[in-house]
Each structure stands twice: as structure tokens, then as C-alpha cells.
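In what follows, a single structure is set out as C-alpha cells and then discussed.
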Amino acid sequence: MDAVQVNALAANVAVPEDLQWTDERRGEEFRLTSITIRMLPDGSLAAKAYGRPTAGGRGAYTSFPVPERPELAGLVAAAAAEAARRWAQASEACDVSGDR
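Each residue of the sequence shown is one higher than the last, beginning at 24 in this note's numbering.
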């Protein structure tokens, strides 16, 4: 079998309320409530924060950079470690039948 080429892995993590923050895009304020972490082909991690307008309504689910704050870096690292643990556990009991 040729080497399997994985392009990216992703995990979504909820930002605890005490770590959430707001940011602005096109004059509209957003509360950031989740982070998507992707492992890139070179093994590095990329993270984007997502949220909704603080004014309410359906508004766009918009991405923002994750600020360089130690507590957010810790959240990203912990989420990546938990995702790795889950991937390893799932691969041990791999069910490729598609019945799930």
C-alpha cells in the first residue's frame, strides 16, 4: 500500500464562557465562542475562532484569529491533545462498515 496522504485533521472546541472575547468585523461586534483547530500536512496547528453577532439575529458565523493569550493557547493545546487521544482510541476499534 502506498503511503496514505492526510491533508488535514480538525477538531472543534467550545470556548468556556470566562475565556470568550469579542472582536469586530465590518462595524459589527461578535462574541467568539468556539475554536476550530486544524492539523496541517506539515504537522503544525492552525486555529480560527468563530462566533455570532452580539446584537443577536442570525448573522454570519464569521471566523477570527485567535488572540495570543496563554489561556487560549492552553485551551488549543489541551483540545489538540484530547483530539489525538480520541483519534488513537477510535483507530484501535476502527469500524469502516459505515453503519454508524
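The C-beta atom is built at its ideal place from N, Cα and C for all residues, glycine as well.
- Return the chain-ordered list of same chain residues with a C-beta closer than 6 Å to the C-beta of THR56, the five sequence neighbours on each side being excluded. Once the five neighbours on either side are set aside, the close Cβ partners of THR56 are VAL38, GLN43, GLY74.
- Under a Cβ-count criterion, where at least 16 other Cβ atoms within 10 Å of its own Cβ denotes burial, should LEU63 be classed as buried or exposed? exposed
- Message: Since ALA102 and VAL36 should fall inside the 8 Å C-beta cutoff, what is the C-beta to C-beta distance between them, to a whole number of angstroms?
- Response: Cβ-Cβ separation between ALA102 and VAL36: approximately 4 Å, consistent with a contact (criterion under 8 Å).
- Query: On the three-state DSSP scale, how would you describe GLY97?
  - Reply: helix
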